[in-house]
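Chemist:
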Amino acid sequence: MRPIETRYARSGDVRIAYQVVGQGSFDLVFVPGFISNLDLHWEDEGYSRLLKRLSAFSRLILFDKRGTGLSDRIDTRF
């Protein structure tokens, strides 16, 4: 499998990291748990296998939530 391109979408002042994999006939958005890291998902054998299976029949959309993984950190100063 070729390297997955990470793209960024804006949400206010924060950039949200996302990846799109597969070319299936419908979109499947994979919502991560409490924390995530797009790059680390592909390095984990079991997780990678799951993502490859999902992308075999769909256009799989993955993302890191605000403040986690490859997405921008949020300002927590008050």
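Using this note's numbering, the first residue of the sequence shown is number 159, and each one after it goes up by one.
Glycine included, every Cβ here is placed at the ideal spot set by N, Cα and C.
Any idea what DSSP makes of F215, helix, strand or coil?
Modeler: In the sequence shown, residue 215 corresponds to position 57, counting from 1. Note: F215 maps to helix in three-state DSSP.
Chemist: With DSSP as the reference, please indicate the residues paired to D185 in a beta bridge.
Modeler: Counting from 1 along the sequence shown, the entry for residue 185 is found at position 27. Note: D185 sits in a beta bridge opposite R217.
Chemist: Going by DSSP in three states, S206 sits in which element: helix, strand or coil?
Modeler: By 1-based counting over the sequence shown, the position of residue 206 is 48. S206: helix per DSSP, three-state reduction.
Chemist: Please determine, among S194, E163, D233 and S229, the residue with the shortest C-alpha to C-alpha distance to A175.
Modeler: For the purposes of this step, residue 175 is identified with residue 17 of the sequence shown, where counting begins at 1. Ranking S194, E163, D233 and S229 by Cα distance to A175 puts S229 first.
Chemist: Look at the Cβ atom of G133, then the Cβ atom of S216, and state whether they are nearer than 8 angstroms.
Modeler: Examination of residue 133 is not possible in this model, given that the chain is present from 159 through 236 alone.
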